[in-house]
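Note that the UniProt record's numbering gives residue 25 to position 25 of the sequence shown, counting from 1, and the numbers run on in steps of one.
From the three backbone atoms N, C-alpha and C, an ideal C-beta is built for every residue, glycine too.
Reading through the structure tokens given below for one structure.
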Amino acid sequence: MKKPIIEISHLNFTYEQQRVLEDISLSIEEGDFLGLVGPNGSGKTTLLKCILGLLKPQQGEIKLFGETIQKFKNWHEIGFVSQKANSFNTGFPASVFEVVSSGLTSKLGLFKLMTKHDKQKVNQAIEAVGLSDFKKRNIGELSGGQQQRAFIARAIVSNPKLLILDEPTVGVDAQTVQNFYEMLKHLNEKLGITLLLVTHDIGTITDKVSHVACINKHLHFHGKSIEFESLKDDEMSDFYGHSLHVLTHNHSH
């Protein structure tokens with residue numbers, strides 16, 4: 001039986017008298033790869049912040065790994081990658097290896113020396129995101145897509161069970177985006193990491209994710225990606241509040 005990793009029930013969030021999320025209930029199970037989609041301003045980032053404990057909903061409950069968020073202590077089990085790195089100072093004098101190893105500092109403490117085992121973990125995380133050839137490079141010399149991979153390696157180096165990514169491909173070109181999603185699929189299927197991905201790229205992700213949740217203040221759809229693909233365009237447009245055509249890419253399954 002797969003265990004639920006995130007359980008959200010009847011969540012409401014109001015910001016300055018404006019209801020941003022209304023009666024959201026959904027669960028993500030162990031091993032799922034969920035794409036969270038919705039138009040700009042639909043409440044996706046607010047929902048993430050609630051899951052990460054950064055915002056407190058007015059009503060409803062969130063459980064992480066079976067515990068209510070108020071009691072949850074094992075934050076090291078959750079990795080988070082924000083919208084980049086766009087705000088990252090590319091002149092920062094650190095190699096990819098150093099950036100990734102900074103993901104261990106919460107476990108190691110700032111000034112502890114890395115053991116051989118720690119270094120091995122850093123190398124494995126770098127390899128998992130396909131950056132082994134770049135580990136000695138300065139992070140500022142990498143392309144946007146490569147930098148984003150380095151931040152994912154930093155997020156997975158401490159072996160989280162859940163990885164949350166907020167629009168990780170903003171400003172990354174289309175071909176790189178495809179490779180990027182392939183890499184996420186690999187992390188999910190081969191390393192068994194449960195993934196929650198917030199994205200605009202509906203068409204690009206439907207053949208990579210296992211489940212889709214579509215929110216626009218309310219939860220309009222939550223189910224397997226194959227069911228999401230079979231929705232009619234007009235049903236999708238109803239969710240989004242404007243006309244939308246879901247482009248699906250060739251399936252590699």
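Neighbourhood of residue i by C-beta, 6 Å cutoff - its chain only, sequence neighbours within 5 removed
i: residue 153; result: 100, 125, 126 and 129
i: residue 165; result: 81 and 197
i: residue 149; result: 129 and 131
i: residue 29; result: 2 and 4
i: residue 135; result: 96, 97 and 126
i: residue 248; result: Below a pLDDT of 50, predicted positions are generally treated as unreliable, and residue 248, at 45, falls in that range; the measurement from the model is reported next regardless. Excluding residues within five positions, the ones whose Cβ falls inside 6 Å are 203, 206 and 229.
Neighbour-count burial assignment, residue i, 16 or more Cβ in a 10 Å radius
i: residue 57; result: buried
i: residue 113; result: exposed
i: residue 14; result: exposed
i: residue 40; result: exposed
i: residue 35; result: buried
i: residue 1; result: exposed
i: residue 103; result: buried
i: residue 70; result: exposed
i: residue 222; result: buried
Host beta strand (DSSP E) of residue i (start-end)
i: residue 76; result: Here residue 76 belongs to no beta strand (DSSP E), and DSSP marks it neither H nor E.
i: residue 9; result: 4 to 15
i: residue 59; result: 59 to 64
i: residue 164; result: 162 to 166
i: residue 215; result: 211 to 216
Residue i to residue j span [Cα, whole Å]
i: residue 204; j: residue 171; result: 15 Å
i: residue 142; j: residue 168; result: 16 Å
i: residue 5; j: residue 63; result: 8 Å
i: residue 7; j: residue 215; result: 16 Å
i: residue 44; j: residue 21; result: 9 Å
i: residue 19; j: residue 42; result: 11 Å
i: residue 231; j: residue 211; result: 14 Å
i: residue 3; j: residue 77; result: 15 Å
i: residue 72; j: residue 79; result: 15 Å
i: residue 47; j: residue 213; result: 12 Å
i: residue 178; j: residue 209; result: 13 Å
i: residue 183; j: residue 133; result: 16 Å
i: residue 67; j: residue 118; result: 29 Å
i: residue 176; j: residue 159; result: 25 Å
i: residue 51; j: residue 74; result: 13 Å
Whether residue i touches residue j by CB criterion (8 Å)
i: residue 10; j: residue 27; result: no
i: residue 194; j: residue 217; result: no
i: residue 59; j: residue 123; result: no
i: residue 187; j: residue 226; result: no
i: residue 92; j: residue 140; result: yes
i: residue 229; j: residue 199; result: no
i: residue 190; j: residue 33; result: no
Spatial neighbours of residue i in its chain, beta-carbon cut-off 7 Å, leaving aside the 5 residues before and after
i: residue 17; result: none
i: residue 137; result: 95 and 96
i: residue 49; result: 55
i: residue 192; result: 31
i: residue 120; result: none
i: residue 116; result: none
i: residue 224; result: 210 and 211
Extent of the continuous alpha helix (DSSP H) to which residue i belongs
i: residue 182; result: 174 to 190
i: residue 200; result: That residue, residue 200, is in no alpha helix (DSSP H); it is neither H nor E in DSSP.
i: residue 118; result: 116 to 128
i: residue 45; result: 44 to 51
i: residue 30; result: First-last for residue 30: undefined, no H or E at that position.
i: residue 94; result: Neither: residue 94 is in no alpha helix (DSSP H) and is coded neither H nor E.
i: residue 145; result: 144 to 156
i: residue 228; result: 225 to 229
Neighbourhood of residue i by C-beta, 8 Å cutoff - its chain only, sequence neighbours within 5 removed
i: residue 83; result: 166, 167, 168 and 170
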